[in-house]
Amino acid sequence: MDKRRKRKGGQRSKRGILLDHDDDARGDLHNFQGPRKTLHDYFIDLSGKRASVREEALSTILKALTLNIEQNFVELNFVTLVYQCLHSIKKGSPTEMKQAAHIIGLLSMITTSVEKVHEAYEDVLTALSQGGLKPKLKTLEILGCLTVVTFFGASNSDETESVMKLLWDLINPGTDSSIERKDSPAVLTAMISAWSFLLSTIDGWRLSHKNWQGAITYFSNILDSNDEALCAAACEALALVFESNCLEKFSSATKDSNKELKDNIIKQLRSRLSETGNERISSQDPRTGFNSASAALDFLEDEKCANTHVTIGGQKLILSTWSQKVQLKFLKHFLGNDGFVKHMMENENFHSVFDFLPERRNAWGNVLYVPEREEVTISLFQPMVARHNDCSLLPLLTRDKQLAKKKTMSPNSHLSKARTQLLKKQRDLSLKEREIDCFDY
1 MDKRRKRKGG
11 QRSKRGILLD
21 HDDDARGDLH
31 NFQGPRKTLH
41 DYFIDLSGKR
51 ASVREEALST
61 ILKALTLNIE
71 QNFVELNFVT
81 LVYQCLHSIK
91 KGSPTEMKQA
101 AHIIGLLSMI
111 TTSVEKVHEA
121 YEDVLTALSQ
131 GGLKPKLKTL
141 EILGCLTVVT
151 FFGASNSDET
161 ESVMKLLWDL
171 INPGTDSSIE
181 RKDSPAVLTA
191 MISAWSFLLS
201 TIDGWRLSHK
211 NWQGAITYFS
221 NILDSNDEAL
231 CAAACEALAL
241 VFESNCLEKF
251 SSATKDSNKE
261 LKDNIIKQLR
271 SRLSETGNER
281 ISSQDPRTGF
291 NSASAALDFL
301 EDEKCANTHV
311 TIGGQKLILS
321 TWSQKVQLKF
331 LKHFLGNDGF
341 VKHMMENENF
351 HSVFDFLPER
361 RNAWGNVLYV
371 PEREEVTISL
381 FQPMVARHND
391 CSLLPLLTRD
401 KQLAKKKTMS
411 PNSHLSKART
421 QLLKKQRDLS
431 LKEREIDCFD
441 Y
């Protein structure tokens, strides 16, 4: 009986401990929920039936591609990701649609495969050109997706211009009564910025002569808008048009009439900048560091784009054309500040677009210049001497060979010393990199 009482008492005391420390028990159970989900797990969740699961997966992938790039993940799963995101755009919830559209844009700017990104361009353009999805073009995320995919995926100016025409029909419906002009200033601003972003990639002489007639007049009329962002977008579009040096493709007027049109635009900008003591529109754009209206006015008056610069990762990026400024502003808006800096530092496609080469730094902030290839060469001058093939010259030939061997193979030769210095430099760089790896862990 005593043993039974002890055993029962032990059970009661044990149950009491579990009840008294219920919070600890829950904590222990929480610790054994299993390993954390990987990016591949979220990729699998995109095929889930529950909308909440798909939205969580899209949100996680979107954040990973923006802030970490995940190059290998993109290259391995590119085609499937594009297909699943297009499916979410067609049949998913509004949240899914926006996230999926943004992911397609990220995929197109990350992949290094020309074939993959061009296929994505064709798939996205085909899907969004259909009647059922065409109204979604006025969704900001869908608009950004189509624009970025075209920027990185279009293989020639005709493909880029076809998307510009699609955007232009939304911006300026003209006499087309099937398209209603009920867009908010934010949507119209986004459409004009997207159109300008694509225009920045095409040389003026490649543009169509008939697609853009009246564009100068249309954008100049917007300069009177009370919306600051819309006015800035119109200024950038006009600056790009004049920078293309093909005004006849944007206006049917004669050269004299174009000069008069340009003078009127300058007057509008001066009037705009003078309103309320330059307070309403004179502020700089935080994404580019320059003001579109004042910069456009200076450009039209001086007919020269002033250099500006932005600092990225401690390095200065010089912007010397309006095309560069418009591209930087659009991509920075698409990625956000942190995402843009990350892609500028690590994305090879961005390095090509902006001709930007980030510096490698060690743990102490010192720059390590590691060239892809280094060579040591030495030039020897030997006068040409006419000689005959006779045995009397054998001593001279032997002496020439010994001299050449001394100058190239001897440990004291200039070539050997230079080679030794190069190898020592490479060893030092390797040691520095190993130290960095140690500190990273």
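Read left to right, the sequence shown gives residues 1 to 441 (full-length UniProt numbering).
Where is the CB? At the ideal position from N, CA and C, for every residue including glycine.
Keep in mind that this is a model prediction, so the values were computed, not measured.
- Based on the DSSP secondary-structure assignment, which residues constitute the bridge partners of His309? BP columns for His309 point to Ile318.
- For Trp205, the nearest candidate out of Asn245, Pro35, Phe354 (CA to CA): Asn245
- Residues in its own chain within less than 7 Å of Leu230 by CB, not counting five upstream and five downstream? Pro185, Leu188, Thr189, Ile222
- Query: Ordered along the chain, which non-local residues of its own chain (more than five positions away) have a Cβ less than 6 Å from that of Ser93?
  - Reply: Ala51, listed in sequence order.
- Can you round the beta-carbon distance between Ile110 and Leu146 to whole angstroms, since I take them to be within the 8 Å contact cut? The pair is not a contact, with the Cβ atoms about 17 Å apart (cut-off 8 Å).
- Item | Cutoff 7 Å; reference Ala239; Cβ partners in own chain excluding five residues on either side | Ala296, Phe299, Trp322
- Cut-off 8 Å between Cβ atoms - residues of its own chain near Ser251, not counting five sequence neighbours on either side: Gln213, Gly214, Ala215, Ile216, Thr217, Ser257, Asn258, Leu261
- Message: Relative to the C-alpha of Leu199, which candidate in Lys249, Leu39, Glu56 has its C-alpha closest?
- Response: Selected option, being the one with the closest Cα: Lys249.
- Query: Span of the alpha helix (DSSP H) holding Gly144?
  - Reply: 140-153
- Query: Arg54 lies in the alpha helix (DSSP H); which residues open and close that run?
  - Reply: 51-67
- Item | First and last residue of the uninterrupted alpha helix (DSSP H) at Ala253 | It is not in any alpha helix (DSSP H) - Ala253 carries neither H nor E in the DSSP assignment.
- Rounded to a whole number of angstroms, what is the C-alpha to C-alpha distance between Phe242 and Ser220? Phe242 and Ser220: Cα-Cα distance of roughly 12 Å.
- Item | Spatially closest choice to Lys138 from His209, Asp183, Ile104, by CA coordinates | The shortest Cα separation from Lys138 among His209, Asp183, Ile104 belongs to Asp183.
- Helix or strand or just coil, what does DSSP make of Tyr441? Its pLDDT being 37, under 50, Tyr441 is placed unreliably by the model, and nothing is read from it.
- Task: Using three-state DSSP, classify His102 as helix, strand or coil.
- Result: helix
- In chain order, what residues of the same chain lie with their CB nearer than 6 Å to the CB of Ala57, ignoring the 5 residues before and after it? Tyr42, Asp45, Leu46
- Just list the alpha helix (DSSP H) runs in the stretch 73-132, keeping only unbroken ones of 4 residues or longer that don't cross its boundaries, in chain order. 94-110, 114-128
- Query: Whose CA, out of Glu228, Gly144, Leu319, His209, lies closest to the CA of residue 505?
  - Reply: Within the shown structure, residues of the chain are numbered from 1 to 441, placing residue 505 beyond reach of any answer.
- Message: Mapping the DSSP letters down to three states, classify Glu303 as helix, strand or coil.
- Response: coil
- Message: Nearest by alpha-carbon distance to Tyr83: which of Asn264, Gln426, Leu269, Ala127 is it?
- Response: Ala127
- Message: Can you tell me where the alpha helix (DSSP H) holding Phe219 begins and where it ends?
- Response: 215-222
- Message: Tell me the residue span of the alpha helix (DSSP H) that contains Ser196.
- Response: Per DSSP, the continuous alpha helix (DSSP H) segment holding Ser196 begins and ends at 185-199.
- Query: What three-state label does DSSP hand Pro135 in the structure shown?
  - Reply: DSSP places Pro135 in helix when its eight states are reduced to three.
- Going by Cα to Cα distance, which pick from Gln324, Ser193, Leu317, Leu86 is closest to Glu359? Leu317
- Message: For Thr308 and Ala233, what's the separation of their Cα atoms in angstroms?
- Response: 18 Å
- Taking the Cβ atom as the reference point for each residue, do Ser113 and Glu161 lie within a distance shorter than 8 Å? no
- Item | Euclidean distance between Cα positions of Ile104 and Ser225 | 33 Å
- Task: Report the rounded CA-to-CA distance for Lys325 versus Gly336, giving the unit in angstroms.
- Result: 16 Å
- Query: How many angstroms separate the CA atom of Val310 from the CA atom of Ser320?
  - Reply: 11 Å
- Message: Check this for me: beta carbons of His102 and Glu141, under 8 Å apart or not?
- Response: yes
- Which of helix, strand or coil does DSSP assign to Leu394? For Leu394, the pLDDT reaches just 49, beneath the cut-off of 50, and the residue's location in the model is therefore unreliable, although a value from the coordinates is still provided. Three-state DSSP puts Leu394 in a helix.
- Query: Helix, strand or coil: how does DSSP classify His333 here?
  - Reply: helix
- Report back the beta-carbon spacing between Ser292 and Glu236 to the nearest angstrom; my notes put them in contact at under 8 Å. 5 Å
- Task: Pull up the distance between the alpha-carbon of Phe151 and that of Ile89, whole angstroms please.
- Result: Here the alpha carbons of Ile89 and Phe151 stand approximately 20 Å from one another.
- Proximal residues to Arg270 (C-beta, below 7 Å), its chain only, five neighbours per side dropped: Leu297
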